[in-house]
Amino acid sequence: MRDNVILWWILTAFFALVGVVYTGWHILATPADNFAMRIEWVGTVALFFGAFMGAMIAFYLDRTHKAQRGELPEDILTSDIDDGDPELGEFSPWSWWPIVLAASAGVFVVGLAVGHFLLPIGLAIFVVAIVGWVYEYYRGNFAR
63 MRDNVILWWI LTAFFALVGV VYTGWHILAT PADNFAMRIE WVGTVALFFG AFMGAMIAFY
123 LDRTHKAQRG ELPEDILTSD IDDGDPELGE FSPWSWWPIV LAASAGVFVV GLAVGHFLLP
183 IGLAIFVVAI VGWVYEYYRG NFAR
């Protein structure tokens, strides 16, 4: 995780440096009397916001790394898979419900962009996908 923290700080510094260069270049290249008119606001805000987001992620990962009080087995190059936590959860690699859920999101977004008549169809598919995913272990071959 320490390597991830360093990479995110490097990305933050890169975006901040590019933001300063971009803003300064545009100020020098634009002949205007008003200083605020010489700044290209969209690119400047986007670059500095990218630096801010990278700094937030780097700060969070650094705090999380310090709270662990040591390296995780995933971070040690000589560790085996069995050195980690054996119980990470229950996963269904054969389940089709995540694909149905993604399709419902796709239908809903297309409904926002193209025609509002698709919105209730997307919501209906969403409800079916959530119910199917939650109850997939209560019926069929995998019932418990």
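In the working numbering, the protein residues as written are 63 to 206. In this text, a Cβ means the ideal position worked out from N, Cα and C, and glycines have one as well.
Start-to-end residues for the alpha helix (DSSP H) that takes in residue i
{"i": "residue 33", "result": "As displayed, the chain neither begins before 63 nor continues past 206, which places residue 33 out of reach and without an answer."}
{"i": "residue 61", "result": "Shown here, the chain extends from 63 to 206; a query on residue 61 therefore has no answer."}
{"i": "residue 160", "result": "159-175"}
{"i": "residue 182", "result": "180-196"}
{"i": "residue 114", "result": "103-130"}
When the options are compared against residue i, the one with the closest alpha-carbon
{"i": "residue 76", "options": "90, 63, 111", "result": "111"}
{"i": "residue 72", "options": "95, 126, 185, 120", "result": "120"}
{"i": "residue 156", "options": "199, 176, 183, 171", "result": "199"}
{"i": "residue 85", "options": "126, 137, 67, 104", "result": "104"}
{"i": "residue 191", "options": "159, 177, 176, 180", "result": "159"}
{"i": "residue 125", "options": "203, 96, 66, 197", "result": "66"}
{"i": "residue 193", "options": "177, 166, 152", "result": "166"}
{"i": "residue 114", "options": "74, 152, 172", "result": "74"}
Nonlocal neighbours in the same chain, by C-beta distance under 8 Å from residue i, ignoring five residues either side
{"i": "residue 94", "result": "100"}
Close Cβ partners of residue i (< 6 Å) along its chain, the five nearest in sequence each way excluded
{"i": "residue 70", "result": "116, 119, 120"}
Other residues of its chain near residue i: CB distance less than 7 Å, five sequence neighbours each side excluded
{"i": "residue 109", "result": "77, 80, 81, 84"}
{"i": "residue 106", "result": "81, 84, 85"}
{"i": "residue 19", "result": "Nothing about residue 19 can be read from this structure; the chain reaches only from 63 to 206."}
{"i": "residue 169", "result": "180, 183, 184, 187"}
{"i": "residue 102", "result": "88"}
{"i": "residue 127", "result": "63, 64, 67"}
* Asked: Just checking, does the region 135-148 make contact with the region 168-188 on the three C-beta pairs under 8 Å criterion?
  -> no
* Asked: Can you find at least 3 beta carbon pairs, one from the region 116-130 and one from the region 88-97, that sit closer than 8 Å?
  -> no
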